[in-house]
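> This is the structure I want to talk about, given as structure tokens.
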Amino acid sequence: MTANQTPQTVHYATVTWDQLHRDARLLASTLMQKHGPFRGIVAITRGGLIPAAILGREMGCRLIESVSVISYAGEEGTQHEPKVVKPPVAAGDGEGFLIVDDLVDSGVTARIVRELLPKAVFACLYAKPEGKPFTDHYVTEVAQDTWVLFPWDTAPLFVPPLVRSEGE
């Protein structure tokens, strides 16, 4: 840090399993009232997988596809050029599909997925101000400087990640 820089304060918000489930059920209710049944759901991995499972159950939707966009160099939020590593083939152009994520932050991933599925509805549990323009529905807005800790973020890993050597 240089003499002219000030440290940025980061705030944390912890989401419990109970809160996540309540918010997902509330989102499902809103989505069914406004859009009716969906042909399928596209979960943005990894954060959207659990909300997509809850929404699928609540809305009676069994077709759950996934899309994987890597835009973080690590779990600490260092962004790099986003790359689609698994496209949502079953969703076509998104007609009749719901895109689901846990959080829309900067909107980088959401923008890419919306371009892949222009006819889909996009919903997430939590939205930050920079990401709000990329989502159609969300449950709670959180401040841009807030790091949301999901239940899967706060528990220790049961299986340690595989350590890879350079070049793998």
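Mapped onto the UniProt record's numbering, the consecutive letters of the sequence shown carry residue numbers 1 to 168.
Cβ coordinates follow ideal geometry from the N, Cα and C atoms, glycine included.
Being a predicted model, the structure only gives us computed values, none of them experimental.
Suppose you measure from the CA of residue 152 to the CA of residue 125; what does that come to, to the nearest Å?
Spanning the two alpha carbons is a distance of roughly 15 Å.
> What does DSSP give as the partner residues of residue 147 in its beta bridges?
Looking at the DSSP assignment, residue 147 forms a beta bridge with 12.
> Could you tell me how far apart the beta carbons of residue 24 and residue 55 are, in whole angstroms, since I believe they sit closer than 8 Å?
At roughly 6 Å, the Cβ-Cβ gap stays under 8 Å, so residue 24 and residue 55 are in contact.
> Only counting runs of 4 or more residues, tell me where the alpha helix (DSSP H) segments fall wholly within the UniProt domain "Phosphoribosyltransferase" (17-156), in order along the chain.
Correct list: 17-35, 49-59, 108-116, 151-154.
> Taking C-alpha atoms, which residue in 120, 106, 137, 162 lies nearest to residue 145?
That would be 106, whose Cα lies nearest to the Cα of residue 145.
> Okay, do the stretch 120-138 and the stretch 92-101 touch, 3+ Cβ pairs below 8 Å being the bar?
The stretch 120-138, when compared against the stretch 92-101, does touch it at the 8 Å Cβ threshold.
> Considering Cα atoms alone, identify which of 32, 70, 162, 51 is closest to residue 80.
For residue 80, the nearest C-alpha among the options comes from 70.
> Got a sec? Which residues, its chain only, sit under 8 Å from residue 31 by beta carbon, not counting five neighbours each side?
Answer for residue 31: 38, 55, 59, 98, 121, 123, 137, listed in chain order.
> Residue 143 to residue 96, Cα distance in whole Å?
Those two C-alpha atoms are separated by around 31 Å.
> Give the single residue among 94, 33, 82, 34 whose Cα lies nearest to the Cα of residue 63.
Checked all of 94, 33, 82, 34; the closest Cα to residue 63 is 94.
> What does the Cβ neighbour count give for residue 51, buried or exposed, with the cut at 16 atoms within 10 Å?
Residue 51 comes out buried.
> Can you tell which of 148, 155, 156, 158 has the C-alpha that lies nearest to the C-alpha of residue 11?
Closest by alpha carbon: 148.
> Just to check my reading of the structure: residue 67 and residue 42 have Cβ atoms closer than 8 Å, yes? What is that Cβ distance to the nearest angstrom?
Right, their Cβ atoms sit about 6 Å apart.
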